[in-house]
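Enquirer: My questions will all concern the structure given below.
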Amino acid sequence: MKVEEPALVLEGIRAGYGDFQALFDVGLRVSPGEAVGVVGPNGAGKTTLLRVISGMVRPRGGTVRFGDVDIATTPSHALPAVGIAHVPENRRLFPHLTVEENLRVGAFIPAARKRFTERADYVFNLFPKMAQRRHQLAGTMSGGEQQMCAIGRALMCSPRILLLDEPSAGLAPLVVAQVFELVKRIRDEGLTVLIVEQNVAQVLRVVDRAYVLDAGRVVAEGASAELAADPAIRNSYLGGH
Amino acid sequence: MDPFLLEAVLNGILLGGVFALPVLGCNLVFGVVDVVWLCYAELVMVGMYAVWFLHTQQGWPLYLAFASALPLVAALGVLLHLLVVRPLLGAPPINQLLATGGVLFMLQGGAMLVFGTDFRSLGVELPPMEWQDVFISGTKLAAFCAALLGAGALWAFLKFTYVGIAIRAIARDREVMPLMGVDPRRVYVVASAVGGALAGLAACLLAVQLDVHPFIGLSFGPITFMICVMGGLGNMLGGFLAAFLMGVIVSTGSFWWNTEMSYVVAFGFFIVVIFARPQGLFAR
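Residue numbers (this note's numbering), protein chains in the order written: chain E, 1 to 241; chain R, 1001 to 1284.
Okay, here's the thing in structure tokens:
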């Protein structure tokens, strides 16, 4: 029997830090099985948006729901058990732990501990390089490998939605292409993905739909092919070609 | 080699084994919770009184006294965390130091009220071992082996259990932990219990070697913190190695000069290390 997968729905989200408001009335929806992108320039509020969804930043107004779970009132450490996994900005791996130990931290919640071997096999199957690097310290790997490890760590808790924050940040152009290839592979697995990126052109090739965020507001949304073809979007966010 | 010098070096290694436990405990708590338990040696003192009281006053067999003192001090560690440290987690470090320092004086004063200022002896001694004119105290050797077992158990806990790995992870990056479903506040409680248990084990091993009195913490508390800083505060392996180094310095110092002088040498060495390598002797 297939369990009804929940949708992620944000309505009228306002959020910020101190006097600074980062998000103004942001609405967003990710349906089960979809890959959705949030694109926009640096400082548009993309990271804040993901942090609201994983409970790291409490919204000042609006609602965030994942199925019937009210995220705004759930402690962030309870969200992996609900099915939300967040690969944070700059990966935030534990460099002094091995790849396998990083995966163990990702499988900390009781439900995930029971399935550790099964999930580790899944991750090693998805990223065969991680199987080779299993006992290597995470901090000694290349940027692309660390990104694989960070995504693998997030996949250990069998998430229903994967949040990716700037997976291409700080990586060489060739590696960026590899990382988007990984994202494509994950979404082809049928996993629901919400990805935040500055790298607009590349991300529009791997997602179904996207939202354009600028100065804390959603300024455009639509199917990725439409957005990529829209002259206004091309001029403002794609380097105007 | 002079058998007396060899004896001093061996005694220093044995001493280092016992120093290692409170050093590991302090480092664990500091690495995870980011608070220094200034009263750590006084937790050990309470454990030593527990062993002495249960064994000599209540007539319990020694192993039962040990088996009770260890969890008692572990529970004290949790209480210390919940009642004193947790409310001050966001406070400036100086306030946290003053608070755990206050607990130090409370425990000293409490021990004096309950047990008086007498030196209390367990009166347990294993026969010494002899090998080619070198005499080693059987009690010290047994305590050393137990300390190594304790350190080994801690290593296995940190290496192979989910909570242990999370403890090593949280020491590096606490903000990211909730994304993995880890509630840092619960990990702090576990780390405090383990830190307390190490103090409890140290108490059992010191109770058979030293007479307990309310100020016994002063005889190894300062050197414990010194070793922690020397190994790099929060660095478990560095602290472990520095404990043996310090044990040998103290022990050979008292062989060449006398016990008082050996601590002067040890502190002098500490000052030199801190000027030369302020990040700790074994920092990478």
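For every residue, glycine included, the Cβ atom is placed at its ideal position computed from N, Cα and C.
Quick check on MET1180(R) - is its C-beta less than 8 angstroms from some C-beta in chain E?
Expert: Numbered from its first residue, the second sequence carries residue 1180(R) at position 180. Taking Cβ atoms only, chain E reaches closer than 8 angstroms to MET1180(R), which makes this a yes.
Enquirer: Going by DSSP, name the residue or residues bridged to GLY37(E).
Expert: Counting from 1 along the first sequence, the entry for residue 37(E) is found at position 37. In DSSP, GLY37(E) forms a bridge with ILE195(E) and ALA210(E).
Enquirer: What residue range is occupied by the uninterrupted alpha helix (DSSP H) comprising MET1129(R)?
Expert: Within the second sequence, the letter at position 129 stands for residue 1129(R). Premise fails: MET1129(R) lies in the beta strand (DSSP E), 1129–1131, not in any alpha helix (DSSP H).
Enquirer: Provide the residue span of the beta strand (DSSP E) that contains ALA220(E), from first to last.
Expert: For the purposes of this step, residue 220(E) is identified with residue 220 of the first sequence, where counting begins at 1. Note, ALA220(E): beta strand (DSSP E), 217–223.
Enquirer: Within 10 angstroms of the Cβ of LEU1124(R), are there 16 or more other Cβ atoms? Answer buried if so, exposed if not.
Expert: Locating residue 1124(R) in the second sequence gives position 124, where the first residue counts as 1. The identity of residue 1124(R) in the sequence shown is Val, whereas the question assumes Leu. Exposed is the call here.
Enquirer: Tell me the rounded alpha-carbon separation between VAL1044(R) and ILE1165(R).
Expert: As a position in the second sequence, residue 1044(R) is number 44, starting the count at 1. As a position in the second sequence, residue 1165(R) is number 165, starting the count at 1. Using only the alpha carbons, I get a separation of about 26 angstroms.
Enquirer: Mind listing which residues of the region 1181–1193 of chain R have their C-beta closer than 7 angstroms to chain E's C-betas, in chain order?
Expert: GLY1181, VAL1182 and ASP1183
Enquirer: Can you tell me the Cα-Cα spacing of VAL39(E) and LEU8(E), whole angstroms?
Expert: Taking the first sequence and counting its residues from 1, the one referred to as residue 39(E) is at position 39. Taking the first sequence and counting its residues from 1, the one referred to as residue 8(E) is at position 8. Approximately 18 angstroms, taken between the alpha carbons.
Enquirer: Rank ALA1169(R), ARG1120(R) and ALA1075(R) by C-alpha distance to the C-alpha of ASN102(E) and give the top, closest one.
Expert: Walking along the first sequence from the start, residue 102(E) turns up at place 102. Closest by alpha carbon: ALA1169(R).
Enquirer: For GLU100(E), count neighbouring Cβ atoms within 10 angstroms of its own Cβ and tell me buried if that reaches 16, exposed if not.
Expert: The count along the first sequence starts at 1 and reaches residue 100(E) at position 100. Under this definition GLU100(E) is a buried residue.
Enquirer: Tell me, please, which residues DSSP counts as bridged to TYR17(E).
Expert: If you number the first sequence from 1, residue 17(E) lands on position 17. Beta-bridge pairing links TYR17(E) to PHE20(E).
Enquirer: Between LEU1010(R), GLY1231(R) and PRO1092(R), which lies nearest to ALA1276(R) when the distance is taken from Cα to Cα?
Expert: As a position in the second sequence, residue 1276(R) is number 276, starting the count at 1. Among LEU1010(R), GLY1231(R) and PRO1092(R), the Cα nearest to that of ALA1276(R) is on GLY1231(R).
Enquirer: Are the region 227–241 of chain E and the region 1211–1231 of chain R in contact at 8 angstroms, needing three or more beta carbon pairs?
Expert: no
Enquirer: Drop a sphere of 10 angstroms on the beta-carbon of PHE124(E), count the other beta-carbons inside from all chains shown, and report buried for 16 or more, exposed for fewer.
Expert: Taking the first residue of the first sequence as 1, we reach residue 124(E) at position 124. With a 10 Å radius around the Cβ and a threshold of 16 neighbouring Cβ atoms, PHE124(E) comes out buried.
Enquirer: Could you check whether the Cβ of ALA1166(R) sits closer than 8 angstroms to any Cβ belonging to chain E?
Expert: Counting from 1 along the second sequence, the entry for residue 1166(R) is found at position 166. So yes, ALA1166(R) belongs to the interface.
Enquirer: Whose C-alpha, out of LEU1010(R), MET1180(R), LEU1062(R) and SER1121(R), is nearest the C-alpha of HIS1213(R)?
Expert: Position 213 of the second sequence, counting from 1, holds the residue named residue 1213(R). When each option's Cα is compared against that of HIS1213(R), the closest is SER1121(R).
Enquirer: Go through its chain and collect everything with a Cβ distance to LEU1088(R)'s Cβ below 7 angstroms, but skip five positions before and after it.
Expert: Translated into positions along the second sequence, residue 1088(R) becomes position 88. The beta carbon of LEU1088(R) sits closer than 7 angstroms to those of ASN1095, GLN1096 and ALA1099, all from its chain and outside the five residues before and after it, given in chain order.
Enquirer: In chain R, what lies closer than 7 angstroms to HIS77(E) by C-beta?
Expert: Along the first sequence, read from residue 1 onward, the residue named residue 77(E) stands at position 77. Within chain R, the residues near HIS77(E) are PRO1178, GLY1181, VAL1182 and ASP1183.
Enquirer: Of the choices GLN1058(R), GLY1109(R) and PRO1092(R), whose alpha-carbon is the least far from that of CYS1039(R)?
Expert: If you number the second sequence from 1, residue 1039(R) lands on position 39. When only C-alpha atoms are compared, the closest one is GLY1109(R).
Enquirer: Would the beta-carbon of LEU137(E) fall within 8 angstroms of that of THR73(E)?
Expert: Position 137 of the first sequence, counted from the first residue, corresponds to residue 137(E). Position 73 of the first sequence, counted from the first residue, corresponds to residue 73(E). The Cβ atoms of LEU137(E) and THR73(E) lie no closer than 8 angstroms to each other.
Enquirer: Okay, do the region 1135–1142 of chain R and the region 1062–1081 of chain R touch, 3+ Cβ pairs below 8 angstroms being the bar?
Expert: no
Enquirer: Quick one: Cα of ARG160(E) to Cα of LEU1082(R), how far?
Expert: Walking along the first sequence from the start, residue 160(E) turns up at place 160. Walking along the second sequence from the start, residue 1082(R) turns up at place 82. So the alpha carbons of these two residues sit roughly 35 angstroms apart.
Enquirer: With respect to the alpha helix (DSSP H) encompassing THR47(E), which residues constitute its N-terminal and C-terminal limits?
Expert: Position 47 of the first sequence, counted from the start, is the residue given in the question as residue 47(E). 46–53 is the span of the alpha helix (DSSP H), which, as asked, contains THR47(E).
Enquirer: Cβ of VAL82(E) within 8 angstroms of Cβ of ARG153(E)?
Expert: As a working note, residue 82(E) is residue 82 in the first sequence. As a working note, residue 153(E) is residue 153 in the first sequence. Not closer than 8 angstroms, so no.
Enquirer: Between LEU49(E), ALA15(E) and ARG14(E), which has its C-alpha nearest TYR211(E)'s C-alpha?
Expert: On the first sequence, residue 211(E) is found 211 positions in, with the first residue counted as 1. The option with the nearest alpha carbon to TYR211(E) is LEU49(E).
Enquirer: On the criterion of 16 or more Cβ atoms from any shown chain inside 10 Å, does LEU1148(R) qualify as buried, or is it exposed?
Expert: In the second sequence, residue 1148(R) corresponds to position 148, counting from 1. Result: exposed.
Enquirer: Given this structure, state the Cα-to-Cα distance separating ILE1216(R) from GLU1042(R), to the nearest angstrom.
Expert: Stepping through the second sequence from its first residue, residue 1216(R) is reached at position 216. Stepping through the second sequence from its first residue, residue 1042(R) is reached at position 42. Linking ILE1216(R) to GLU1042(R) through their CA atoms gives a straight-line distance of about 8 angstroms.
Enquirer: Run down chain R in chain order and give the residues with a C-beta less than 9 angstroms from the C-beta of CYS149(E).
Expert: Taking the first residue of the first sequence as position 1, residue 149(E) is located at position 149. Within chain R, no residue comes near CYS149(E); the closest Cβ sits about 13 angstroms away, beyond 9 angstroms.
Enquirer: Based on the DSSP output, what are the partners of ASP165(E) in its beta bridges?
Expert: Indexing the first sequence from 1 puts residue 165(E) at position 165. Per DSSP, VAL196(E).
Enquirer: Which one or two residues does DSSP pair with VAL69(E) in a beta bridge?
Expert: By 1-based counting over the first sequence, the position of residue 69(E) is 69. Per DSSP, PHE66(E).
Enquirer: In the DSSP assignment, what are the bridge partners of THR98(E)?
Expert: For the purposes of this step, residue 98(E) is taken as residue 98 along the first sequence, with counting starting at 1. In the DSSP output, where bridge partners are listed per residue, THR98(E) has LEU137(E).
Enquirer: For the candidate residues ARG60(E), CYS157(E), PRO59(E) and ALA150(E), whose alpha-carbon lies nearest to that of THR117(E)?
Expert: In the first sequence, residue 117(E) corresponds to position 117, counting from 1. It is CYS157(E) whose Cα lies nearest to the Cα of THR117(E).
Enquirer: Which whole-angstrom value describes the C-beta separation of SER1262(R) and VAL1250(R), a residue pair presumed to lie in contact below a C-beta threshold of 8 angstroms?
Expert: Residue 1262(R) sits at position 262 when you count from the first residue of the second sequence. Residue 1250(R) sits at position 250 when you count from the first residue of the second sequence. At roughly 5 angstroms, the Cβ-Cβ gap stays under 8 angstroms, so SER1262(R) and VAL1250(R) are in contact.
Enquirer: Going by alpha carbons, who is nearest to VAL1084(R) out of VAL1046(R), VAL1036(R), LEU1062(R) and PHE1019(R)?
Expert: Along the second sequence, read from residue 1 onward, the residue named residue 1084(R) stands at position 84. Of the candidates VAL1046(R), VAL1036(R), LEU1062(R) and PHE1019(R), the one whose C-alpha sits nearest the C-alpha of VAL1084(R) is VAL1036(R).
Enquirer: Out of ILE1167(R), ALA1207(R), PHE1244(R) and PRO1093(R), which has the shortest C-alpha to C-alpha gap to MET1048(R)?
Expert: Taking the first residue of the second sequence as 1, we reach residue 1048(R) at position 48. Checking every option, the nearest Cα to that of MET1048(R) belongs to ALA1207(R).
Enquirer: In whole angstroms, give me the CA-to-CA distance for MET1(E) and LEU155(E).
Expert: Your numbering for residue 1(E) matches position 1 in the first sequence. Your numbering for residue 155(E) matches position 155 in the first sequence. Residue confidence for MET1(E) is low, a pLDDT of 45 falling below 50, so the modelled location carries little weight and cannot support an answer.
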